[in-house]
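Data first, discussion second: the structure below is written as structure tokens.
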Amino acid sequence: MKRGFVFLVSGGLGFLVGWLLITAGFNALPLISSIETPQAVTIAEYGYQYFFWTAMPIGVVFVIWLDAVMDTGILPD
Numbered sequence: 002m003k004r005g006f007v008f009l010v011s012g013g014l015g016f017l018v019g020w021l022l023i024t025a026g027f028n029a030l031p032l033i034s035s036i037e038t039p040q041a042v043t044i045a046e047y048g049y050q051y052f053f054w055t056a057m058p059i060g061v062v063f064v065i066w067l068d069a070v071m072d073t074g075i076l077p078d
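The opening residue of the sequence shown carries number 2 in the numbering used here; numbering runs sequentially from there.
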């Protein structure tokens, strides 16, 4: 039960953080780089496959942390 919760929460967090990086992060590029115009894009413009390959590794990072915190034993010690 705890493992399912870890995968569900980390998948949702990976999706949310990936979405924020693409929509808000690209729009904030003029603040932190030499790009002069905002580059806001939607998920459809970014590409669904690219979005998957952006959000999935972020979700895996959340799996690692939640596994350590909740002691589910997904990863070997």
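C-beta atoms are modelled at their ideal positions from N, C-alpha and C, and glycine is treated no differently.
None of these values were measured; they are calculated from a predicted model.
Item, Value
"Cβ-based neighbour list, I65, same chain, cut-off 7 Å, excluding 5 preceding and 5 following", "L76"
"Identity of the residue in T38, R4 and L14 nearest P58 by Cα", "L14"
"Beta carbon of Q40 nearer than 7 Å to that of F52", "no"
"Expected contact under 8 Å - CB spacing of L67 and V18 to nearest Å", "Actually they are not in contact, since the Cβ atoms of L67 and V18 sit about 14 Å apart, beyond 8 Å."
"Nearest neighbour of L21, chosen from K3, T55 and I33 [CA to CA]", "T55"
"Cβ-based neighbour list, T73, same chain, cut-off 8 Å, excluding 5 preceding and 5 following", "K3, R4, V7 and L67"
"Inter-residue Cα distance where the pair is E46 and V61", "24 Å"
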